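Numbering (numbering that gives the first Met the number 0), first residue to last: 0 to 198. Cβ atoms here follow ideal geometry from the backbone N, Cα and C, with glycine treated the same way. Because the structure is a prediction, the values reported are computed rather than measured.
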Amino acid sequence: MKERASGEIPTMILRHLGDGTCQTIDQLDAALPLNRRQISDGAAMLIKRDYLDRIEAGCYCLTPSGLAAAHRGERITSGPLQPHTGKCRRPPRDTFRQRAWNAMRMSVTFTIGDLAIVAAKEDKDPESNLVNYLGALRRVGYVTELPVRQSGTHLTSNGFKRFRLLKDTGPVAPVWRAKKRAIWDYNLDGLVGEVSCAR
């Protein structure tokens, strides 16, 4: 896959959605010369700028600000998004779980394998990492496991568990705090504890 400048990918997505259509990550994958990881990272940059929004599960379109940016031919850069106001803001870091969170926000449903393909770079044992992270997100009601599994690749396979993101609180991946049995959500600037009905 061709190496691209940091702002080129979100700019491609911005222009592609400039007609106001709503598209899923699968549709973007089919239409653009980008892989799913590049699409996920580029979409995260647009979401951070308030240029991209999810209007329903897994379906993305440009916000009014994004449409205006597309119409004026804006090129996305990696510079500051807005003047510094003195308020502390935590930008998303390029970690495995951040990339997985980006992918969850872009997908209608997903499996552990789907997230691993998009999020893993040189991470060790990404599947186990995802099992733990999804377990934490389920305990606080952010993610749910769906009753029907995705078909497996072998006749004897029980299939793959499918999940859905229920609470998309923003661009920064929540962090599990084991001692508190809760997650710290930077988007909400607070702790979110376990819910008794989490499945």
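With a threshold of 16 other CB atoms inside 10 Å of the CB of residue i, please say whether the residue is buried or exposed.
{"i": "Val138", "result": "A quick correction: the sequence has Arg, not Val, at residue 138. By the neighbour-count rule (16 or more Cβ atoms within 10 Å), Arg138 is buried."}
{"i": "Thr76", "result": "exposed"}
{"i": "Val117", "result": "buried"}
{"i": "Asn101", "result": "buried"}
{"i": "Asn128", "result": "buried"}
{"i": "Thr223", "result": "It is not possible to answer for residue 223, since the shown part of the chain is limited to 0 through 198."}
{"i": "Val171", "result": "buried"}
{"i": "Leu61", "result": "buried"}
From residue i to residue j, what does the alpha carbon distance come to, in whole angstroms?
{"i": "Met44", "j": "Arg14", "result": "14 angstroms"}
{"i": "Pro173", "j": "Asp167", "result": "10 angstroms"}
{"i": "Pro158", "j": "Ile111", "result": "It is Gly, not Pro, that sits at residue 158 in the sequence shown. Answer to the nearest angstrom: the Cα atoms are 12 angstroms apart."}
{"i": "Ala42", "j": "Leu190", "result": "26 angstroms"}
{"i": "Lys200", "j": "Arg71", "result": "Coverage of the chain is limited to positions 0 through 198, which leaves residue 200 absent and any answer about it impossible."}
{"i": "Tyr141", "j": "Asp122", "result": "24 angstroms"}
{"i": "Tyr185", "j": "Leu136", "result": "14 angstroms"}
{"i": "Val107", "j": "Gly192", "result": "25 angstroms"}
{"i": "Thr23", "j": "Ala29", "result": "10 angstroms"}
{"i": "Gln46", "j": "Phe109", "result": "Here residue 46 turns out to be Ile, not Gln, going by the sequence shown. So the two alpha carbons sit approximately 20 angstroms from each other."}
{"i": "Glu144", "j": "Arg74", "result": "38 angstroms"}
{"i": "Leu33", "j": "Asp49", "result": "22 angstroms"}
{"i": "Asp124", "j": "Leu164", "result": "22 angstroms"}
{"i": "Ala181", "j": "Leu16", "result": "37 angstroms"}
Does DSSP classify residue i as helix, strand or coil?
{"i": "Thr110", "result": "coil"}
{"i": "Val130", "result": "helix"}
{"i": "Asp93", "result": "coil"}
{"i": "Leu16", "result": "coil"}
{"i": "Glu7", "result": "helix"}
{"i": "Gly65", "result": "helix"}
{"i": "Asp49", "result": "coil"}
{"i": "Tyr185", "result": "coil"}
{"i": "Arg180", "result": "coil"}
Say yes only if the C-beta of residue i is nearer than 8 angstroms to one or more non-hydrogen atoms of the ligand COA, and no if none qualify.
{"i": "Asp49", "result": "The ligand COA is not among the ligands present in this structure, which contains no ligands whatsoever."}
Can you name the residues that DSSP bridges to residue i?
{"i": "Arg74", "result": "Answer by DSSP bridge pairing: none, since Arg74 is not bridged."}
{"i": "Leu164", "result": "Val142"}
{"i": "Gln37", "result": "Per DSSP, none; premise fails for Gln37."}
{"i": "Arg148", "result": "None, per the DSSP bridge assignment."}
{"i": "Leu190", "result": "Trp183"}
- How do the stretch 96-115 and the stretch 126-143 stand: do at least 3 beta-carbon pairs fall below 8 angstroms, yes or no? yes
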